[in-house]
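Student: Provided herewith is a single structure, encoded as structure tokens, for subsequent inquiry.
Protein chains in written order, with the working numbering: chain A, 39 to 157; chain B, 142 to 251.
What follows is the structure in structure tokens.
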């Protein structure tokens, strides 16, 4: 199946700093990327959806100025947590959908996640 | 709010037994998907069932879908310790957005 990578896999930062998380689709063109956050022992909550070359669409309650999403190419999307605070500590997961011979466009492929800890 | 509710929240079985997890959802869907997540890791896509399908198999996995009851079940047969993970159902409606259920934590003991 398609491979999605995330970098870094974990990050610890001080309160007030900004953190950038990268999501790459390694072997297909991701026309749509999704960013989720997950708190311990809870389900995934969609934060935003981005289409390549367009502005991201944020879910209700997600601050677009705090969680900056850039989807500049078909293989890379980034999530920047600006002025991070301890309550932003969470597991952030990206996923991709795209067009590739033999791959269903109904399937989302997920990255391995990034554990963010804000001190 | 969450689209799906999963039941049970936690399930503990012995290796070799079957595990059944249920998912209920609230609105019309195009398809329903099941994912697996090992602790602290990303999600692995297991199986997708479309709204016009009633049952689907993949290896030791069997998924059913009852759109009249807005429910789905995932059966793992002959479970193994390596099946220990959290399992999530996710539904897709008219757009591309997936909405995840609350998840079932499965523990398979030797």
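From the three backbone atoms N, C-alpha and C, an ideal C-beta is built for every residue, glycine too.
1) Report yes or no: is there a C-beta of chain A within less than 8 Å of the C-beta of residue 163(B)?
2) Would you mind sorting residue 179(B) into buried or exposed? The rule is 16 or more other CB atoms within 10 Å of its CB.
3) Beta-carbon of residue 135(A) versus every beta-carbon of chain B: anything under 8 Å?
4) List the residues of chain A whose Cβ lies closer than 8 Å to the Cβ of residue 233(B), in chain order.
5) Whose C-alpha, out of 149(B), 206(B), 197(B) and 177(B), is nearest the C-alpha of residue 82(A)?
6) Which stretch, first to last residue, makes up the beta strand (DSSP E) that contains residue 144(A)?
7) In chain order, what residues of the same chain have a beta carbon less than 8 Å from the beta carbon of residue 102(A), not counting five sequence neighbours either side?
8) Taking beta-carbon pairs under 7 Å, can you tell me which members of the region 185-203 of chain B lie near chain A?
9) Quick one: grab the DSSP three-state call for residue 243(B).
10) In terms of residue numbering, what span does the beta strand (DSSP E) encompassing residue 64(A) cover?
11) Which chain A residues sit within Cβ distance under 9 Å of residue 243(B)?
Tutor: Put simply:
1) As a first step, residue 163(B) is located in the second chain; it is residue number 22 there, counting from the start. The beta carbon of residue 163(B) sits no closer than 8 Å to any beta carbon of chain A.
2) Your numbering for residue 179(B) matches position 38 in the second chain. Looking at its Cβ environment, which holds fewer than 16 other Cβ atoms inside 10 Å, residue 179(B) is exposed.
3) In the first chain, the residue the question calls residue 135(A) occupies position 97. By this cut-off, residue 135(A) is an interface position.
4) Locating residue 233(B) in the second chain gives position 92, where the first residue counts as 1. Simply 144.
5) The sequence position of residue 82(A) within the first chain is 44, counting from 1. Of 149(B), 206(B), 197(B) and 177(B), the residue nearest in Cα terms is 177(B).
6) The residue you call residue 144(A) lines up with position 106 of the first chain. It is not in any beta strand (DSSP E) - residue 144(A) carries neither H nor E in the DSSP assignment.
7) Along the first chain, read from residue 1 onward, the residue named residue 102(A) stands at position 64. The answer, listed in chain order, is 86, 94 and 96.
8) Of all residues in the region 185-203 of chain B, 186 and 189 have a Cβ within less than 7 Å of some Cβ in chain A.
9) By 1-based counting over the second chain, the position of residue 243(B) is 102. Three-state result, residue 243(B): coil.
10) What you label residue 64(A) is simply residue 26 of the first chain in a count that begins at 1. For residue 64(A), there is no enclosing beta strand (DSSP E), as DSSP marks it with neither H nor E.
11) On the second chain, residue 243(B) is found 102 positions in, with the first residue counted as 1. Chain A residues near residue 243(B): 80 and 81.
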